[in-house]
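Below is one structure; the comments refer to it alone.
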Amino acid sequence: MSGRAAASGLLRWYGRAKRDLPWRRSRDPYRIWIAEVMLQQTRVAAAIPYYERFLERFPDAEALARATEAEVLTCWSGLGYYSRARNLRRAAKAVVEAGGFPRDYESIRRLPGIGDYTAAAIASMAFGLPRAAVDGNVVRVLARWTEERGDVGSAKTRRRIEEAAASLLDRKRPGEFNQALMELGATVCLPRDPRCGECPLARSCQARRKGLERELPVKRRRAGPERIAKTLLLIRKGKRILLGRSGMAGFWELPEASRLPEAVVGATVATLRHTITCHQYRLSVARAEIRRAPRGYKWVAAGKLESIPLATATRKALARIP
Ligand code: SF4
């Protein structure tokens, strides 16, 4: 089967099997951009309510550019990787200053926080430009389809996969094609258990032909996350809770016991795990008392917690507290 036949089989399959996702109902570059940035580190099902809320609050680049950083972070709160939200706002300002969303790949790529993948996704889906968008799902599908045996974490292998994506790309329907390949990776060519029996690429897939679909792609092992234990303090004064500034600019969090030696620590009321990139935290939340709020800390009414940017670990911890 030629690359062209494989691509048209893939597009036919996509026409039948694609999931109806909110960002697929539009070719507006702003909407596609917000979805792509959200989906970089968030699963589809978890991203949908955030996406809908975000667009209701900031329906276009103008609205996002006008917002304060705290407003954007509050709307993003819970999604993690907050530099994404800061960059969205900076890029929205650049879009407004330029008089509209750029319409060529290089100008899109120059916007803050937009890398090769996101620029290619926007260029192809919103403007029909022939750019292959290679995300983790596409890497897996193409490593299997081409029987790529190199470590997909290496730049060399990555380049070969990008070349395969570019040569397979349907240049008349690049947006549909990119989405089809991603959808195949997300729903059929699954990491552990590929469903080759349902796959439109099965007849030409080299890994499938050689029974290697579970062996590929090759990923060199990297060190696991570092484990860290911490105690967060739940200090109440009437209906208010003491919060301190988080290490992440603009965010607030429950105070850490090690930073408030003057607090009198009581019983543990919750424990939870929280992972940030290469750190795995085991968090205990303990009740505590303190005479007055130290500098850099503030009392926040429990009813106001929804309207300020909270660090994700604190948000999770507060949800666990009876
Ligand atoms: S045939 Fe199997 S391994 Fe090959 S692309 Fe399809 S699902 Fe993936």
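Number 201 in our numbering belongs to position 206 of the sequence shown; there are no gaps in the numbering. The beta-carbon is built from N, C-alpha and C at its ideal position, and this holds for glycine as well.
Taking a C-beta distance under 8 Å as the contact criterion, I27 and M177 do not qualify as a contact pair. Taking the CA atoms as reference points, L59 sits about 19 Å from I43. In the three-state reduction of the DSSP assignment, I223 falls in the strand class. E248 carries a strand assignment under DSSP once its states are collapsed to helix, strand and coil. For W71, the uninterrupted alpha helix (DSSP H) segment begins and ends at 64 to 71. The distance from the Cβ of Y276 to that of K225 is about 6 Å, consistent with a contact at the 8 Å cut-off. Burial of Q174 is indicated by the presence of at least 16 other C-beta atoms within 10 angstroms of its C-beta.
When C-alpha distances from D99 are compared across P125, L163, E64, the shortest belongs to P125. By the Cβ rule, the stretch 63 to 79 counts as touching the stretch 296 to 305, because three or more pairs are nearer than 8 Å. Annotation: R190 to I103 spans about 35 Å, alpha carbon to alpha carbon. With fewer than 16 other CB atoms across the displayed protein chains lying within 10 angstroms of its CB, E257 is exposed.
Annotation: the continuous beta strand (DSSP E) that includes I236 extends over 235 to 240.
Going by beta carbons, R155 and E142 fall outside the 8 Å limit.
In terms of side-chain proximity, the C-beta atom of P189 is found nearer than 7 Å to a non-hydrogen atom of the ligand SF4. With respect to L229, L249 sits close: the two C-beta atoms are nearer than 8 Å. Counting along the chain, no alpha helix (DSSP H) covers T270; the unbroken beta strand (DSSP E) around it starts and ends at 259 to 271. Using a Cβ distance threshold of 8 Å, L227 and V280 count as a contacting pair. Within the chosen limit of 7 Å, the ligand SF4 does not reach the beta carbon of E251 with any heavy atom.
Rounded to whole angstroms, L50 and D15 show a C-alpha spacing of 18 Å.
Sixteen is the threshold: when 16 or more other Cβ atoms of the shown chains lie within 10 Å of the Cβ of T309, as they do, the residue is buried.
Annotation for V91: A56, E57, A60 place their beta carbon closer than 8 Å to its own, counting only its chain and skipping 5 residues before and after. Per DSSP, V213 is not a residue of any alpha helix (DSSP H), being assigned neither H nor E. DSSP places L278 in the strand class (E or B) of the three-state scheme. Listed in chain order, the non-local C-beta contacts of A252 below 8 Å within the same chain comprise K225, T226, L227, L228, A258, V260, A281, A283, local neighbours out to five positions each way being set aside.
Approximately 5 Å separates the beta-carbon atoms of A116 and E31; this is inside 8 Å, confirming the contact. Spanning the alpha carbons of D188 and T182 requires a straight line of approximately 10 Å.
Ranked by Cα distance from K214, the first of G145, G239, E158, A1 is G145. The beta-carbon distance between A297 and A265, rounded to whole angstroms, is 16 Å. This is too long to meet the 8 Å contact definition. Taking the Cα of A197 as reference, the smallest distance to any Cα among E158, L255, L137 is reached at L137. For W8, the enclosing alpha helix (DSSP H) stretches over residues -2 to 12. E208 is positioned such that its CB atom lies no closer than 8 Å to that of R135.
Here DSSP, grouped into helix, strand and coil, assigns A283 to strand. Judged by beta-carbon spacing, V67 lies beyond the 8 Å limit of R48, meaning their Cβ atoms are not closer than that value. With respect to the 8 Å criterion, R254 and W247 are not classified as neighbours on the basis of their beta carbons.
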